[in-house]
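Under our numbering, the sequence shown is numbered contiguously, ending at residue 1092.
Working notes, beginning with the structure itself.
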Amino acid sequence: MTCAACAVSVESMVASTPGVSRANVNFATQTLQVTYNPKQVQVAQMQKALQSVGYDLIIDTENAQEIQEQAQHSHYQALKKKTLLAGLLTLPVVVIGMFFMDLPYGNWVMMALSAPVLFYFGRNFFVNAFRQARHGKANMDTLVALSTGTAFAFSVFNTLYPGFWHARGLHPHVYFEASAVVIVFILLGKLLEERAKSNTSSAIKKLIGLQPKTVWLVEGDTEREVPVSTIQKGNVLLVRAGEKVPVDGEVSSGTSYVDESMISGEPVPVSKQMGDKVFAGTINQKGSFRFVAEKVGSETLLAQIIKLVQDAQGSKAPVQKLVDKIAGIFVPVVFVLASISLVTWIVLGGDNGLTQGLLAFVTVLVIACPCALGLATPTAIMVGVGKGAEQGILIKDAESLEQAYRLNALILDKTGTITEGKPVVADLIWSEEARFRQPELKGLLFSIEQQSEHPLAEAVVRFLREEVTAAVALDRFESVTGSGVNASWQGRRYQVGSPKYMTAQGVSISEEISGVADTWAEAANTVIYFAEEGKAVAVLAIADKVKATSAQAIRSLQQRGIEVYMLTGDNARTAASVARQVGIKHFQAEVMPSDKADFVKKLQQEGKIVGMVGDGINDSQALAQANVSIAMGKGSDIAIDVAKMTLITSDLQLLPKALKLSRLTVKAIRQNLFWAFVYNLIGIPIAAGVLYPFYGFLLDPMIAGAAMALSSVSVVANSLRLKAQRL
């Protein structure tokens, strides 16, 4: 399916099949959902119905995804080849038609070159138009086939029988270049559309790829590798270090840290012990554990995320849908007007009525050629997308550009969107007596954290790496999962860990250090103590820093009248602190991926045009659901693929620029469509000969061809003005 009109055709053909009660097409994923009575109709009959209008249905359930991908890839490659070869053949036709009209045998050369462009490279337009006509339908293919076919047929007649016109005192003009150029332009548009559309399914593929194909099944004392599809509820499964969790379940033995950023969006892996829940697609870190399968197949959280992303993607239609709808009405209207002008001339035109009528018929069809109409949207989009790319804003489709300027509600994820997205040491304070031994103590802290498996330890190691020349060899090292570490060196005891762990170890903390730690904790920092011989010698603040430009960007959005919301999987205190720093009044903490998507729906039900900005897999549902989805360039591949816009530098200050670019692009599209229609509104009546009774003026088909070309040039020129605009 290449356009929204195609999706409507598929739906109507299947829905009209006896025994089918409902048909729903997902244009983004190229799938069809059907509710039918198997006693009245078989899938093969639906397939046959679709084949009659030029489509097909993949009914192989086992390899459907692979067959579809292969078919789309083959179609894209064939279209690419067609467009290139058609363009190469059309170039000399344009040169001869525009600059060397009197070249000997020029008409014959143009006919020979343009024939394969129309009837080989552009044959699908004619085939599809015929199939649509058989079922009483019309789309852009109909208009392309009708106008180019008529112009070509008229030109062939004039090349073969020029004497017909010479005998009547008229010059036989040809329009080979007009027909060939239209085919090439429309092919190019379809190529760009196909390329953009193929990217929409890659997000789904990557989400599906998060689930492992095989898993370790524990049966008594034995472990064996089995396909994940064979897992049943209640099975005991083993997950080793570095492996993905295959299904949802509950830990039965072992301890580890699991990266759950795909669910919570938080960068710090979560400690897992007996009784804790684990989710499919999350990644186990250093330890190993066994767990009991509780949700398998389509019940897992990952499977539900996949389904929601598919559903939300499929509910959208490109801006080109408007043009296709108009074309459906425009085609028969133009043909009727051309026929009326022919009949009117035959009846009222006297001796030359047939000749003038035929000229008027062809002129109307040539001047009504859909080139300007077809170029109105894609040219503005191409320039808008290019302008965005220059500014660091990647835009995937026309729909996001069409909607972005209308946003009145914007949801921001916290981690990686407003903040940097990775824990760093924000501050380090030493006790008074330890300040003189900093180099030695820093080396010890570096050495201890280097051996620790705790995720925050990496932030400390990164912080100290430049100051510590070499690590020391510890005498003893012991990790207490989720709390801290014990170590000894040269007979002295050391501890690194949370305030809770220090209290449990009986470590004394001075009022000076304790006061600093309390202040940091209030500001939503994670506090870590470093103790020597039962006494705290240092305290560190670990934070996910707010980006320097976030507050200014949010203020700029609010000044535009956009309500800004923050949703995060982090705790309430951290959320409140970040919201306060950047000036956000509305925020929610400890939200799950589905909660984010539900919040988007809630705002949409209130009549708001909602934008979502995120960077993680956990944001993908909400991104897919939002009217405009924006991903951070440094975020996950899934978020980037689902989102229709990507801010390459992950700087929120690009958001106001993206909204302005959207407004300018939509303005250009509207201007283009307006002039394309005004051009037809004025051009068609003149081509039909309405001025002849008053002024004796009848538009020459050659002038009509030039006017058609001029309308296309004006549309392109208007779109190119976007390049000069400042964002």
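Every residue gets a Cβ at the ideal spot worked out from N, C-alpha and C, and that includes glycine.
None of the values given here were measured: they were computed from a predicted structure.
- So A901 and S796 are in contact, right, with Cβ under 8 Å, and what is the actual spacing, rounded? Contact between A901 and S796 holds: CB atoms are separated by about 7 Å, below the 8 Å threshold.
- Query: Enumerated in chain order, which unbroken segments of the alpha helix (DSSP H) with a length of 4 residues or greater are wholly contained in the stretch 476-524?
  - Reply: Taken in chain order, the whole alpha helix (DSSP H) runs of length 4 or more contained in the stretch 476-524 are 488-499.
- Task: Since I believe V729 is in contact with L706 (beta carbons under 8 Å), could you give me their beta-carbon distance rounded to a whole number of angstroms?
- Result: Looking at the sequence provided, one finds Ser at residue 706 rather than Leu. With 8 Å as the limit, S706 and V729 qualify as a contact, their Cβ atoms being about 6 Å apart.
- Okay, do the stretch 940-950 and the stretch 963-974 touch, 3+ Cβ pairs below 8 Å being the bar? No, the stretch 940-950 is not in contact with the stretch 963-974.
- Task: Could you check the C-alpha separation between G340 and G619 for me, to the nearest Å?
- Result: Past the boundaries of the shown model lies residue 340; the chain is included only from 366 to 1092, so the question cannot be answered.
- Among V850, E876, T884, D980, which one has its Cα closest to the Cα of A869? Each of V850, E876, T884, D980 was checked against the Cα of A869, and the nearest Cα belongs to V850.
- Task: State the beta-bridge partners of P592 as determined by DSSP.
- Result: DSSP lists T579 as partners of P592.
- Message: Short of 6 Å in beta carbon distance, which residues of its chain neighbour S314, apart from the five on each side in sequence? Order them along the chain.
- Response: Examination of residue 314 is not possible in this model, given that the chain is present from 366 through 1092 alone.
- Query: What do you reckon, are the CB atoms on L932 and V911 nearer than 8 Å?
  - Reply: Cβ atoms of L932 and V911: not closer than 8 Å.
- Short Cβ contact (8 Å threshold) for A940 with A954: Yes; because the gap between Cβ atoms is below 8 Å, this pair is in contact.
- Task: With DSSP collapsed to three states, give me the class of G831.
- Result: Reading off the sequence shown, one finds Glu at residue 831, where the question assumed Gly. Three-state DSSP puts E831 in coil, outside helix and strand.
- Run the CB neighbour count on N936, radius 10 Å, all protein chains shown included, and call it buried at 16 or more, exposed below. By the neighbour-count rule (16 or more Cβ atoms within 10 Å), N936 is not buried but exposed.
- Query: In or out: N523 buried (at least 16 other Cβ within 10 Å) or exposed?
  - Reply: The residue is buried, with at least 16 neighbouring Cβ atoms inside 10 Å.
- Pairwise C-alpha distance: A962 and R655: If you take the alpha carbons of R655 and A962, they lie about 32 Å apart.
- Message: Can you look up R1091 in the DSSP assignment and give me helix, strand or coil?
- Response: When secondary structure is reduced to three states using DSSP, R1091 falls in the coil class, being assigned neither helix nor strand.
- Message: If I measure Cβ to Cβ from H500 and keep anything under 7 Å in the same chain, skipping five residues before and after, which residues do I get?
- Response: Contacts found: V418.
- For the alpha helix (DSSP H) that contains G808, what are its first and last residues? Its alpha helix (DSSP H) spans residues 803-816.
- Task: Pull up the distance between the alpha-carbon of K1025 and that of I1068, whole angstroms please.
- Result: Here the alpha carbon of K1025 sits roughly 39 Å from the alpha carbon of I1068.
- Query: Quick one: Cα of G471 to Cα of T455, how far?
  - Reply: A direct Cα-to-Cα measurement between G471 and T455 gives close to 14 Å.
- Task: Inspect the CB distances between the stretch 786-803 and the stretch 921-928 and report whether three or more fall short of 8 Å.
- Result: These segments do not touch.
- Item | Three-state secondary structure (DSSP) of H951 | If DSSP states are grouped into helix, strand and coil, H951 belongs with the strands.
- Item | Alpha-carbon to alpha-carbon, Q597 and F842 | Spanning the two alpha carbons is a distance of roughly 41 Å.
- Query: Is the distance from the Cβ of Q433 to the Cβ of Q395 below 8 Å?
  - Reply: A contact, by the Cβ cut-off of 8 Å.
- Among V943, A1033, W854, which one has its Cα closest to the Cα of A913? Considering only alpha carbons, the answer is V943.
- Could you have a look at A677 and say whether DSSP puts it in helix, strand or coil? Any reading at A677 must be qualified, since the residue scores a pLDDT of 48, below 50, and its modelled position is unreliable; the value itself is stated next. In this structure, A677 counts as helix in the three-state DSSP scheme.
- Message: For the pair the stretch 886-894 and the stretch 853-868, tell me if three or more CB-CB distances fall below 8 Å.
- Response: Three or more Cβ pairs closer than 8 Å define a contact, and the stretch 886-894 meets that threshold against the stretch 853-868.
- My understanding is that I927 touches L1029, with C-beta atoms under 8 Å, so please give their C-beta distance in whole angstroms. Going by Cβ atoms, the distance from I927 to L1029 rounds to 18 Å, so no, they are not a contact pair.
- Message: Please list the terminal residues of the continuous beta strand (DSSP E) segment that includes T1011.
- Response: It spans 1010-1012 - the beta strand (DSSP E) in which T1011 sits, taken as one unbroken run.
- Item | Continuous alpha helix (DSSP H) assignments of at least 4 residues falling wholly in the stretch 842-897 | Entirely contained in the stretch 842-897, the alpha helix (DSSP H) runs reaching 4 residues are, in chain order, 864-869, 876-887.
- Along the alpha helix (DSSP H) that carries M931, what are the first and last residues, could you check? That residue, M931, is in no alpha helix (DSSP H); its beta strand (DSSP E) goes 928-932.
- Close Cβ partners of S520 (< 6 Å) along its chain, the five nearest in sequence each way excluded: A distance below 6 Å between beta-carbons, with the five flanking residues on each side excluded, links S520 to the following residues of its chain, in chain order: V539, Y540, F541.
- Task: Could you check what DSSP says for D467 in three-state terms: helix, strand or coil?
- Result: Looking at D467 - three-state DSSP - the assignment turns out to be coil, as it is neither helix nor strand.
- Message: Buried or exposed, going by whether 16 or more other CB atoms sit within 10 Å of the CB of A1008?
- Response: If you draw a 10 Å sphere on the C-beta of A1008, you find 16 or more other C-beta atoms in it, and that means buried.
- Item | Three-state secondary structure (DSSP) of I783 | In the structure shown, I783 sits in a helix (DSSP, three-state: H, G or I).
- Would you call D506 buried or exposed, if buried means 16 or more other Cβ atoms sit within 10 Å of its Cβ? The residue is buried, with at least 16 neighbouring Cβ atoms inside 10 Å.
- Item | Three CB pairs or more closer than 8 Å across the stretch 590-605 and the stretch 644-661 | Yes, the stretch 590-605 is in contact with the stretch 644-661.
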